[in-house]
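Presented below is the structure to which this report refers.
Residue numbers (my numbering): 115 to 255.
Okay, here's the thing in structure tokens:
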């Protein structure tokens with residue numbers, strides 16, 4: 115891992131830990147965090163990356179043509195979000211592994227994602243899949 119990436123991950127961990135620490139009853143969360151000078155560059159780079167990702171997701175959701183996924187693309191992303199492998203998804207949906215991979219590739223293109231994890235996260239953020247989403251499976255309860 116590069117030094118800058120390592121520092122960015124460390125900074126993100128530090129920020130997440132600081133933000134997610136539950137306050138004791140009646141105790142307010144700190145109004146600000148003290149950032150050490152050697153962490154500033156990493157935090158600025160991380161903030162810029164998060165801002166760019168946020169703009170991309172907003173464009174996907176609210177742009178001229180919001181993303182629309184087919185029911186099978188949504189099914190595949192849903193099962194991937196649930197931790198299923200390609201083979202497990204293929205068996206669940208009665209499809210071939212290649213067909214499942216094609217649905218993932220199509221969803222990734224539509225969501226402008228570089229990998230499945232990013233596609234799943236973007237679909238979840240713009241509410242194309244959710245915990246309440248019911249995949250299209252015959253006999254699904």
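We put the CB at the ideal spot given by N, CA and C, even for glycine.
The shortest C-alpha to C-alpha distance from residue 239 to any of 189, 186 and 172 is the one to 172. Look at residue 161 here: in three-state DSSP terms it is helix. Taking a C-beta distance under 8 Å as the contact criterion, residue 208 and residue 187 do not qualify as a contact pair. Around the beta-carbon of residue 189, 16 or more other beta-carbon atoms lie within 10 Å, marking it buried. Between residue 192 and residue 168, the alpha-carbon positions lie close to 21 Å from each other. Around the Cβ of residue 223, a 10 Å sphere holds fewer than 16 other Cβ atoms; the residue is exposed.
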